[in-house]
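In the working numbering, the protein residues as written are 9 to 598.
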Amino acid sequence: MKYYRLILLFLGIALILGCERFPLGGDFLEKAPGVDVTKDSIFAKAVYAERFLWGAYETLPYGINTGNNNWKNKMSHDLLESNTDLMHSYLNWGGPFTLYYPGIYNSATENSSNATKYSLYQDMGFTGIRRACIFIENVDKVPDMSTEYKKQLKAEARMIMAIHYSDIFRHFGGVPWINRSYGAEDDFSNIPRLTAQATCDSIVSLCDRAMVDLPWKIDNLEEWDGRFTKASAMGLKARILLFNASPIFNAAEPYLAGAASDAKLVWHGSYDVNRWKLAADAAHALIDQAEATGDYGIYKPGNGYRKDFQDAYYKRGTGETIISIRDMFRTPNASWDYTFYWSSYGWGSTNPTQTYVDMFPMNNGKAITDGTSGYDPAFPYRNRDPRLYETILTNGDPFRGRVAELWIGGQERRTEAQTQARGGYIVRKFMLDCNTATSFQSITHWPYLRMAEIYLSYAEAINEFNGGPTTEAYRCVDLVRSRVGLPGLPTGLSQTDFREAIILERALEFGMEEVRWFDLIRWKREADFTKPLKGMNVIGSSNAGPFTYVTWNHPTRYWAINWSPKWYFSAFPLNEVNKGYGLIQNPGWE
C-alpha cells in the first residue's frame with residue numbers, strides 16, 4: 009500500500025497545546041496545562057479547548073523574524089521582500105543570498121533547508137491545519153460551552169485552515185487538501201494535489217462557512233483583538249480570488265509547460281474574464297459593509313500624513329487591519345527573540361534599493377521622471393510621497409532625536425562596504441527608530457491583510473473585468489492615496505495604464521508586508537525580476553552637506569541573466585517526489 013508520505017510527515021505530530029508566547033490581546037492566553045493530556049481531557053473543559061485553539065492560532069504566518077529557530081526564523085533571518093526588486097540582501101547566510109541570488113535553489117533544497125521562502129517541512133502550515141481539524145472534530149464534546157460559541161470557535165479554526173492553505177497555494181499552486189485529522193494509520197494514497205481552481209474553491213468555501221458564524225467585529229479589543237471576524241473571512245476570500253484570477257493561473261497558455269500544467273495544478277487551462285468579476289464582487293462586498301457600518305476602512309485620524317500611514321500598518325485595533333497576527337505581546341529589547349532588528353538593521357538582510365526609492369512619486373503625485381514634478385536630484389528626498397519616509401530611512405530624516413546619517417562615514421553607514429545600509433538605506437517600516445522609545449517594548453502585530461489592500465484589489469479586478477477603470481475603481485484607489493495627501497490618479501487612463509498604476513500603488517503602500525512578491529509572480533512580471541537593481545552612495549563629510557548622490561548597481565542575481573518562469577512557484581521537496589507515490593512536481597523543477 010502506498011501512503012501519501014509527504015502529508016503523513018506534515019501531519020504526524022503530537023497533540024500540542026497553545027504557546028504562552030502568543031497573546032493576542034493582553035489576556036488572550038494563560039499558561040497551558042501540563043503536556044500529559046489527551047483529547048478527552050482537553051475537550052472536557054472550555055478553557056482547555058480554547059487554549060488548544062490558541063495553539064492553532066500560534067502557527068499562523070508572521071512576516072518578520074521574531075525567533076532564532078523553527079518557523080520564526082524566516083528564510084534564515086531574511087525576508088521574502090529580499091527576493092523582490094524592493095530590497096537586496098547582504099546577509100551571507102540568509103536564503104536570498106545563499107539560494108536565490110546565485111540560482112542554487114532547486115527541489116533538493118526543499119528537503120532540509122530552513123532558508124527557502126516557504127518550507128513545507130519547517131513552516132507550520134499543515135501543523136496548523138491539523139490542529140484546526142482536531143479542534144473542529146472535538147469541540148462539540150465540551151460540556152461547559154454554549155452551542156453558539158462552539159460555532160464561532162469552529163469558524164475561527166476554519167479561518168486558520170484557510171490562511172495556511174492560501175499561503176501554500178500562493179507558493180506552490182494546487183495543493184493536497186486535508187480536511188480532517190489524519191493519523192499515522194491512515195492511507196494517504198488517495199489525496200492527490202487539487203487543481204489550482206479546486207484549491208481556490210476549497211479555500212473560498214472555508215471562508216464562506218466561517219463568515220456565517222463569526223462576529224462582524226471584536227467588541228472587547230483590549231482582550232480579544234486579533235481573533236477572526238466576518239471581515240477577516242470576507243477579506244481573505246477577496247485576496248485569494250484576486251490571486252486566482254491573475255495571469256499566473258488565468259491565461260490562454262501556462263506560464264511553463266510540464267505535467268503539473270497539463271494536470272491544471274498551476275494553470276486553469278484557459279482564460280475566463282469572469283474570474284476577475286468574482287474577485288471584484290468579493291472585495292466590494294466587504295467595502296460596502298465596512299463603509300455602511302464604519303467599523304473598518306482606511307485609517308486616517310488626521311495626525312499627519314506620515315503618522316496616519318505608520319499607524320495604519322503598525323497600530324492594532326484601528327479597523328484598518330482585518331487579519332492581525334500575533335507572535336508576542338510586546339517586542340523585547342533587541343534580543344534573540346526579535347532577530348528582525350539584528351538582521352534588517354545591522355546584518356543587512358533587507359537593504360532597500362534605489363530602484364524602490366525611485367518608485368515613490370513627489371507629494372504632488374507626479375513621478376520623479378516627470379519634468380514638471382519639481383524633483384531636484386540635488387535634494388532627492390525632498391517633497392516625496394510620505395510613505396517613502398515611513399518605509400525607508402533616508403539621509404537627513406529625523407531619527408533617534410537627531411537626523412539619519414546615511415552618508416558614507418555617518419553614524420548609520422560608517423563605511424561603504426558594511427552590511428548595515430550597504431545599499432544606501434535602512435528599512436524603517438516596523439523598525440521605526442529602532443530603539444525602546446519607538447519599536448522595542450511596543451505592542452506589535454503582523455498586518456497580514458489590511459483594508460487598503462481590499463480597496464486596491466477591487467480597483468484592479470474591476471479594471472480587468474471591465475476592460476478599463478470605472479468611477480468606483482478610481483474612488484477606491486484615491487481613498488488610499490488621500491491618506492498620505494496624494495492627489496487622485498489622472499483620469500482617462502487605459503486599462504494597461506490603470507493596471508500599472510495599481511501595481512505601483514501596492515508597492516508603495518505594502519512594502520515589507522509580503523505583497524510585492526505575489527504581485528510579481530501573479531502578473532508574471534519577468535522584467536521586474538531581470539532588471540538591474542540600483543543602490544545609492546551618499547557622499548559628504550557632515551550633516552550640513554553638501555551631498556553628492558551616486559547610484560550604482562547591486563550584484564546581478566542569477567535569474568536576471570538566466571531567467572526561467574519556473575521561479576514563479578516553489579519546488580516540492582525532491583525526496584518526496586522520488587518516493588513514487590504520485591506527487592507531481594511543479595514545472596521547471598522536475
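Even for Gly, the Cβ is constructed at its ideal location relative to N, Cα and C. Values in this document were obtained by computation on a predicted structure and should not be read as measured data.
| query | result |
| --- | --- |
| Check whether the Cβ atoms of residue 88 and residue 355 lie closer than 7 Å to each other. | no |
| Would you call the region 168-184 and the region 117-136 in contact, with 3 or more CB pairs under 8 Å? | yes |
| How about residue 73 and residue 351: do their beta carbons lie closer than 7 Å? | yes |
| Roughly how many angstroms separate the alpha carbons of residue 490 and residue 238, rounded to a whole number? | 27 Å |
| Tell me which residues share the same chain as residue 140 and place their Cβ nearer than 6 Å to its Cβ, disregarding the 5 neighbours each side in the sequence. | 64, 165, 168 and 169 |
| Starting from residue 543, follow the beta strand (DSSP E) in both directions and report where the run begins and ends. | 542-547 |
| Exposed or buried, what is residue 8 when buried is set at 16 or more other beta-carbons lying within 10 Å of its beta-carbon? | Not covered by the structure: residue 8. The range shown for the chain is 9 to 598. |
| If you follow the beta strand (DSSP E) that residue 220 is in, where does it begin and where does it stop? | Where residue 220 is concerned, there is no enclosing beta strand (DSSP E), although the alpha helix (DSSP H) it sits in stretches over 204-221. |
| From this set, 278, 557, 596 and 586, which residue's C-alpha is nearest residue 572's C-alpha? | 596 |
| Between the region 503-514 and the region 314-326, are three or more C-beta pairs nearer than 8 Å? | no |
| Please go through the region 441-467 and give each complete beta strand (DSSP E) segment of 3 or more residues, from N-terminal end onward. | 454-458 |
| For residue 388 versus residue 492, is the C-beta spacing smaller than 7 Å? | no |
| If contact is defined by three or more beta carbon pairs under 8 Å, each pair taking one atom from either stretch, is the region 464-472 in contact with the region 247-267? | yes |
| For residue 393, which beta-bridge partners are listed by DSSP? | Residue 393 pairs with nothing; no bridge assigned. |
| Can you give the Cα-Cα distance for residue 476 and residue 458, rounded to whole angstroms? | 25 Å |
| In chain order, which alpha helix (DSSP H) runs of at least 4 residues are fully inside the region 466-497? | 479-490 |
| Measuring straight from C-alpha to C-alpha, what distance separates residue 163 and residue 373? | 42 Å |
| What whole-angstrom Cβ distance do residue 329 and residue 223 have, given they're in contact under 8 Å? | With 8 Å as the limit, residue 329 and residue 223 do not qualify as a contact, their Cβ atoms being about 16 Å apart. |
| List the whole-angstrom C-beta distance separating residue 150 from residue 51, where the pair is believed to meet the contact cut-off of C-beta under 8 Å. | 5 Å |
| Which residue from 82, 236, 128 and 108 puts its Cα closest to that of residue 581? | 128 |
| Select from 577, 481, 520 and 367 the residue whose C-alpha is nearest the C-alpha of residue 541. | 367 |
| May I have the straight-line CA-CA distance separating residue 585 from residue 422, to the nearest angstrom? | 48 Å |
| Determine the direct distance from the alpha carbon of residue 404 to that of residue 42, and round the result to whole angstroms. | Unreliable placement is indicated for residue 42, whose pLDDT of 45 sits below 50; the coordinate value is still reported in the next sentence. Using only the alpha carbons, I get a separation of about 53 Å. |
| Which same chain residues end up closer than 6 Å to residue 205 when comparing Cβ atoms and leaving out the 5 residues on each side of it in sequence? | 276 |
| Start and end of the alpha helix (DSSP H) containing residue 55? | 54-65 |
| Quick check on residue 295: does DSSP put it in helix, strand or coil? | helix |
| Identify, in the order they occur along the chain, each residue of the same chain with its Cβ nearer than 6 Å to the Cβ of residue 152, setting aside the five sequence neighbours on each side. | 54 |
| Would you list the residues sitting across from residue 235 in a DSSP beta bridge? | 233 |
| What are the partner residues of residue 401, as DSSP defines its beta bridges? | 434 |
| Using 8 Å for Cβ pairs, my map puts residue 358 next to residue 95. What's the rounded Cβ distance? | 4 Å |
| Per DSSP, which one or two residues make a beta bridge with residue 418? | 421 |
| Tell me whether residue 269 sits in a helix, a strand or coil according to DSSP, three-state version. | helix |
| Return the first residue and the last residue of the alpha helix (DSSP H) that residue 531 is part of. | Here residue 531 belongs to no alpha helix (DSSP H), and DSSP marks it neither H nor E. |
| Have a look at residue 599 and residue 293 and give me their C-alpha separation to the nearest angstrom. | The structure shown does not extend to residue 599, since the chain is modelled only from 9 through 598, so no value can be given for it. |
| Does the pairing of the region 261-274 with the region 178-185 give three or more beta-carbon distances under 8 Å? | yes |
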